[in-house]
Structure formats: C-alpha cells, structure tokens
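*Asks:*
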Amino acid sequence: MLKVLIVDDSLVIRAKMKGFLTKLGHSVIGEAKDGKEAVTMNEKLQPDLITMDISMPVMNGVDALKQIVETCNINHTNIIMITANGQDGIVKDALKIGAKGYILKPISEEKLQDSIGKIFPQYYSEECDVLDENELDDMLS
Amino acid sequence: MNEEVKVVHAYTKDLLVPIIRRVKTYLEEEMKIDVFNCSEIVYPKNIHLKRNTIMIGTSGSIKLIITLGYDDLLLNKLVEIFTHGDNIEDIDTNEVKNSVACEISNTIIGNAINNPIDNSDIYITPPVLVSEAKTLYKDKDSKFVYVSLVTKYGEIQLTAVGPKEQFEDELEFKDI
Amino acid sequence: MLKVLVVDDSLIMRRNIKKYLTSLGHNIIGEAKNANEALAFCKENKPNLITMDISMPGMNGLEAINKIKSINKYFSIIMITSYGKNNVVKTALQEGAQGYILKPVTEEKLYESIGKIYPEYLLLEEDIEEVKDL
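Right under this line is the structure:
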C-alpha cells in the first residue's frame, strides 16, 4: 500500500480521489488544497506518491512540483499531475521537470490504477499474479 | 382583535417554529456552531433590533415581516466559515458581512417557510439589511413575536411582525 | 471545462459559486447581479451553463429562464433557490431550467447537478451509470 498525498483545490475531487485510492488499497495520509500546502505537507509527511492538480490558487501544481523536485531526491519523488483538457504544453513541462505521470480529467479509478501501475509495477493490475515480498522470498529461496 | 390573536398564534406554531428549528439546524449542521439555548417565544410590546438585522417579507396568503438579527461576534464567525476562511481583501468588510447575513437569512427562511393556512406558495422578498438599531413599536393592529437563540459567539434574534400593511413602502417603521 | 455565467444578487454567493466552479475545473466567463445583466450578457456571449438565483430584485430568476432560452436554447440553466417547500422548483423546470440546487450551495451539489446535465464531468463510473438510469 502506498502512502498518498492528494493535492487539489476542489473538495469534491479530493473526496473522490480519496475514495478511489482507498479502494485501490492505498492510504491517504494527507490532503492539500493548494501548491503551498502541498510543499509543506510533502516535507512533513514524506508520502510515497502525490497526486497533483495543476490549476490551484496560491501556488499552482507545476510550481509546487518544481519546489518539491528541487528540494527532494527526484528518484523518491513520485508525482502524478492531474490535468484538464487543453493543458498539453503544461503537462509536457511538468514531465520534463520531474512528474512521473499524468491523468486527464475526468478522473476514474482505472486511470488512477494505470498511472500508479506505471510508476509502481507491483500495483499494475489485479489480473496479474502480484506476489508480495514474503511470497517472492519464499519462491526464490 | 381576538381573531388576529388566533391567526398569529397559528403563525407561531406552524410558521415560526419551523423557522426556529431551521436556525438551529443551519447553525449546527452547516456552520458547526452549537445552539445551547433557545428562549421562550414571547409577544412583546416593542422590539429593539440588533445592529446586524436582516429583514425579509412574505407575500401570498400569509403576510409577515420576519427579521433575523446577529450579534457582532457571531456574525464575524459566520463570515469566517461562509468564506471558508479565505482572505477577502478585494471586498469591503462591511459589504461581506452584510452579504453573508443576507444570504444566511434568505437560506434559513426560504428553507423553512411553509403555509399553514392553505397550501399555496409563500414567496419571500430579497433580504434587506436594517443597518442601525431600530426599535419597532407595536400599534393595536400588529402583533410581535420574539425568540432568541444563544451560541457561544452570541445571539441570533428572530422576530416576526404582522400584518405587513402596518409598514410603509420603504420599510420604515410606524411609531405608535 | 464549461464556460459559465454566474447570476446572483449576493456578492458572497457569486464569490463562493465562482470558487467552487473553478475548483471543479470550469471557466467563469461572466457574472451578473440581476436578470437584466444576465440577459445582456447572454446576447453577446455563449455560456454553456448559467447558474441563476431565483430571488433577485427586479425580474426574478423564474421569469428570466424563458427569456434566456429564447436567446439560445442550448444554454443550460441551473436554478439556485432557498425554497424548500415551494412549487417554485417545478415551475423552474417547466420553464426550461435543466436543474436546481437547494441552498445552502456546496461544491458537491454543484458537481452533482452539473453531472446530471453533462455526465462527462462526473468522476466515477457509478455516478455516470446513475445518471443514465434517470
């Protein structure tokens, strides 16, 4: 299970995302409503994954991404950008800066699962025979 | 005179009580502010309105004026919650307070208003702010009803005055 | 993202509704504080969606519905009302509004009523299925 920080200014979207992530077996350890809160909470909570909305007041998602990537180890920073139609250029920039994926709104559980799976292959699909560490160890010994 | 008393008492039970209840549920459920006391419903000879009082009229087969008055501290708290704690620098503070008081009053009364006489619709007028404390004096053809609800931030004062014909066009109040 | 016109005589309601709609990813292209301003705006602009308060001074929201639809029948209208017990909502829908929200207005209520008119803005498959069943 991943420890996830949800970043979005919409109350409704945060609630829905939390629902999806919980269903997918992950744990939502924090919610931020703008980029500034996201940076602070990331430092404090050290999540495995951040879902980051792009358009937010106070500080937008791309600026928050920049700050986080500058101060943390990029290999340990896993950020999925949540984007609306027409933001292609922004998404490309975000990926260059260090975002590991993106989801186009409307968000669905499937889209979330796919993008999480691309970063963390062990979560890719229920259909796959995903072994946990102990089972893997048993198999290999 | 007796007939009017009867009508106002019916208003009190079937019209005012739902509004009182809605004040309570609005504060507690929407604003998370507990109401820890509700006064008796009284029929005073005059009413001194709070500085932050919103006035709403009804039309249709029921003709009343209903007011909701807010203590300063309570209104400040309501504004804070209503605006989600955001910093509103671009709008005048008083305008924001008035707007919030009007909107909350409109929501409470609109949600709760019902017609105990027949089933026809009652319409309410857009809310109006009474910006300075006013004293309403009762004349022999009108009846005042008053109740107040207490929270830790202060009081909400709810009054109803009827019949509406007692008041002149510009919502000024007739002295005795 | 929808292009939205917000119509309400209350300053604070316009502000809150704009905030919720923006959070949900929509684009506020205008705001009006009465029906006349709303009509003037609709003649010159093309909102996909109009949120409109029912009680406003001057022409009320109900009367305005018909007039707005006459300008362009594709403008969707969501009425906002505090009336819990009136037939006002029924009348609004008969006049041509696509939906309504009972005050207090929340982001959730906006999301749901927009979702009924534009299911592509819903976030959950099950929300979409629910709308199809209606």
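Protein chains in written order, with my numbering: chain A, 304 to 444; chain B, 6 to 181; chain C, 72 to 205.
Positions of the beta carbon are idealized from the N, C-alpha and C atoms, including for glycine.
#1: If contacts are defined as beta-carbon pairs under 8 Å, then C/Lys114 and C/Ile142 qualify, I think. What distance do you get, rounded to the angstrom?
#2: With DSSP collapsed to three states, give me the class of C/Lys74.
#3: Alpha carbon to alpha carbon, how far is C/Tyr189 from A/Ile246? Give it in angstroms, no decimals.
#4: Taking only runs that begin and end inside the segment 387–436 of chain A, name each unbroken alpha helix (DSSP H) of 4 or more residues, in chain order.
#5: Excluding five sequence neighbours on each side, which residues of the same chain lie with their C-beta closer than 7 Å to the C-beta of C/Asn107?
#6: Compute the beta-carbon to beta-carbon distance between B/Ser66 and B/Asp123, rounded to the nearest angstrom, for a pair I have assumed lies under 8 Å.
#7: Let's see if you can read the secondary structure: which residues bound the alpha helix (DSSP H) around C/Ile142?
#8: Does DSSP classify C/Glu102 as helix, strand or coil?
#9: In whole angstroms, what separates the C-alpha of B/Leu73 from that of C/Gln165?
#10: Looking at A/Gly338: is its Cβ nearer than 8 Å to the Cβ of A/Ala318?
#11: Quick check on the DSSP output: the beta strand (DSSP E) that includes B/Glu137 runs from which residue to which?
#12: Within 10 angstroms of its Cβ, does B/Ile181 collect 16 or more other Cβ (buried), or is it exposed?
#13: Where does A/Leu327 sit, in a helix, a strand or coil, going by DSSP?
#14: Would C/Tyr145 count as contacting chain A if we go by Cβ distances under 8 Å?
#15: Using a beta-carbon distance below 8 Å, is B/Leu20 in contact with chain C?
#16: Would a C-beta distance cut-off of 8 Å place A/Ser313 and C/Ser153 closer than the cut-off?
#17: Could you check where the beta strand (DSSP E) with C/Ala168 kicks off and where it finishes?
#18: Would you tell me roughly how many angstroms separate the C-alpha atoms of C/Leu120 and A/Thr386, rounded to the nearest one?
#19: Out of curiosity, what's the CA-to-CA distance linking A/Pro360 and A/Ala335?
#20: Please list, in chain order, all residues of the same chain as C/Leu181 whose beta carbon is under 6 Å from its beta carbon, the five residues on each side excluded.
#21: Does any residue of chain C have a CB that is nearer than 8 Å to the CB of A/Leu314?
#22: Would a check of beta-carbon distances place C/Leu73 closer than 8 Å to chain A?
#23: C/Lys104 touches chain B at which residues, Cβ-Cβ below 7 Å?
#24: Start and end of the beta strand (DSSP E) containing B/Gly62?
#25: What residues of chain C sit near B/Val150, judged by a beta carbon separation below 9 Å?
#26: If C/Ser126 sits next to B/Pro121, beta carbons under 8 Å apart, how far is it from one beta carbon to the other, in whole angstroms?
#27: In this structure, what does DSSP give as the bridge partners for B/Leu162?
#28: Can you tell me the Cα-Cα spacing of A/Met320 and A/Met355, whole angstroms?
#29: Work out the CA separation of A/Val365 and A/Gly392 for me, nearest whole Å.
#30: What residues are listed by DSSP as bridge partners for B/Glu43?
#31: Taking 7 Å as the limit between beta carbons, can you name the residues of its chain near A/Thr325, skipping five residues before and five after?
#32: Can you pull out the residues from the segment 326–349 of chain A whose beta carbon lies closer than 7 Å to at least one beta carbon of chain C?
#33: I'd like to know if the segment 74–81 of chain C and the segment 34–52 of chain B are in contact, where contact means that at least 3 CB-CB pairs between them fall below 8 Å.
#34: In this structure, does DSSP put A/Gly333 in helix, strand or coil?
#35: Grab me the residues of B/Leu54's own chain with a C-beta within less than 8 Å of its C-beta, minus the 5 sequence neighbours each way, in chain order.
#36: Using beta carbons (cut-off 8 Å, strictly below), is C/Leu82 in contact with chain B?
*Replies:* Here's the rundown:
#1: Position 43 of the third sequence, counting from 1, holds the residue named residue 114 of chain C. Position 71 of the third sequence, counting from 1, holds the residue named residue 142 of chain C. Confirmed, Cβ separation roughly 6 Å.
#2: The count along the third sequence starts at 1 and reaches residue 74 of chain C at position 3. Of the three classes helix, strand and coil, the one that applies to C/Lys74 here is strand, per DSSP.
#3: Beyond the ends of chain A as shown, which are 304 and 444, falls residue 246 of chain A; an answer cannot be given.
#4: List check, alpha helix (DSSP H) in window: 391–400 and 412–422.
#5: One-based indexing of the third sequence puts residue 107 of chain C at position 36. If we look at C/Asn107 and ignore the five residues flanking it on each side, its Cβ neighbours are Gly129 and Met130.
#6: Along the second sequence, one-based indexing puts residue 66 of chain B at 61. Along the second sequence, one-based indexing puts residue 123 of chain B at 118. Indeed, because the Cβ distance is near 6 Å, the residues count as touching under 8 Å.
#7: Numbered from 1 along the third sequence, position 71 holds the residue referred to as residue 142 of chain C. Segment Gly132 to Ile142, the alpha helix (DSSP H) holding C/Ile142.
#8: As a position in the third sequence, residue 102 of chain C is number 31, starting the count at 1. Per DSSP, reduced to three states, the secondary structure at C/Glu102 is strand.
#9: As a first step, residue 73 of chain B must be located in the second sequence, where it is residue number 68. As a first step, residue 165 of chain C must be located in the third sequence, where it is residue number 94. Using only the alpha carbons, I get a separation of about 33 Å.
#10: Counting from one through the first sequence, the residue named residue 338 of chain A turns up at place 35. Counting from one through the first sequence, the residue named residue 318 of chain A turns up at place 15. In this structure, A/Ala318 does not lie closer than 8 Å to A/Gly338 by Cβ.
#11: What you label residue 137 of chain B is simply residue 132 of the second sequence in a count that begins at 1. No beta strand (DSSP E) holds B/Glu137; DSSP gives it neither H nor E.
#12: Translated into positions along the second sequence, residue 181 of chain B becomes position 176. Reliability of the predicted coordinates at B/Ile181 is poor, the pLDDT of 23 falling under 50, and the value obtained from them is presented with this limitation in mind. Burial call: exposed.
#13: On the first sequence, residue 327 of chain A is found 24 positions in, with the first residue counted as 1. Here A/Leu327 sits in coil by DSSP.
#14: Here residue 145 of chain C refers to the residue found at position 74 when the third sequence is read from its first residue. So, not an interface residue.
#15: For this step, residue 20 of chain B is matched to residue 15 along the second sequence. Not one chain C Cβ lies under 8 Å of B/Leu20.
#16: Within the first sequence, residue 313 of chain A is the residue found at index 10, counting from 1. Within the third sequence, residue 153 of chain C is the residue found at index 82, counting from 1. Cβ distance not < 8 Å, so A/Ser313 and C/Ser153 don't count as in contact.
#17: Along the third sequence, read from residue 1 onward, the residue named residue 168 of chain C stands at position 97. Neither: C/Ala168 is in no beta strand (DSSP E) and is coded neither H nor E.
#18: Residue mapping note: residue 120 of chain C aligns to position 49 of the third sequence, counting from 1. Residue mapping note: residue 386 of chain A aligns to position 83 of the first sequence, counting from 1. If I take the Cα positions, the gap works out to 21 Å.
#19: Along the first sequence, one-based indexing puts residue 360 of chain A at 57. Along the first sequence, one-based indexing puts residue 335 of chain A at 32. Straight-line Cα distance between these residues: approximately 12 Å.
#20: Indexing the third sequence from 1 puts residue 181 of chain C at position 110. Excluding sequence neighbours, C/Leu181 sits near Tyr91.
#21: Indexing the first sequence from 1 puts residue 314 of chain A at position 11. It does: the Cβ of A/Leu314 has a partner Cβ on chain C nearer than 8 Å.
#22: Looking up residue 73 of chain C in the third sequence gives position 2. Answer no: the Cβ-Cβ gap between C/Leu73 and chain A never drops below 8 Å.
#23: Taking the first residue of the third sequence as position 1, residue 104 of chain C is located at position 33. Those do not exist, as C/Lys104 stays about 11 Å from chain B at its closest Cβ, beyond 7 Å.
#24: As a first step, residue 62 of chain B is located in the second sequence; it is residue number 57 there, counting from the start. Segment Asn57 to Ser64, the beta strand (DSSP E) holding B/Gly62.
#25: As a first step, residue 150 of chain B must be located in the second sequence, where it is residue number 145. Near B/Val150 there are no residues of chain C at all, since even the closest Cβ is about 20 Å away, more than 9 Å.
#26: For the purposes of this step, residue 126 of chain C is taken as residue 55 along the third sequence, with counting starting at 1. For the purposes of this step, residue 121 of chain B is taken as residue 116 along the second sequence, with counting starting at 1. That belief does not hold up - the Cβ atoms of C/Ser126 and B/Pro121 are roughly 22 Å apart, past 8 Å.
#27: Your numbering for residue 162 of chain B matches position 157 in the second sequence. As written in the sequence, residue 162 of chain B is Gln, which differs from the Leu given in the question. Paired residues: B/Gly74 and B/Ser153.
#28: Locating residue 320 of chain A in the first sequence gives position 17, counting from the first residue. Locating residue 355 of chain A in the first sequence gives position 52, counting from the first residue. Taking the straight line joining both Cα atoms gives about 11 Å.
#29: Numbered from its first residue, the first sequence carries residue 392 of chain A at position 89. Numbered from its first residue, the first sequence carries residue 365 of chain A at position 62. The straight-line gap separating the alpha-carbon atoms of A/Gly392 and A/Val365 is approximately 12 Å.
#30: The count along the second sequence starts at 1 and reaches residue 43 of chain B at position 38. First, the residue type needs correcting, since residue 43 of chain B is Cys and not Glu in the sequence shown. Beta-bridge pairing links B/Cys43 to B/Leu154.
#31: As a working mapping, residue 325 of chain A is identified with position 22 in the first sequence. Once the five neighbours on either side are set aside, the close Cβ partners of A/Thr325 are Val331.
#32: For the segment 326–349 of chain A, which is checked against every Cβ of chain C, not one residue is closer than 7 Å.
#33: no
#34: The residue labelled residue 333 of chain A in the question sits at position 30 within the first sequence. Looking at A/Gly333 - three-state DSSP - the assignment turns out to be strand.
#35: One-based indexing of the second sequence puts residue 54 of chain B at position 49. Excluding sequence neighbours, B/Leu54 sits near Thr72, Gly74, Val135, Ala138, Lys139, Thr140, Leu141, Gln162 and Thr164.
#36: Start at 1 with the first residue of the third sequence, and residue 82 of chain C comes out as number 11. So yes, C/Leu82 belongs to the interface.
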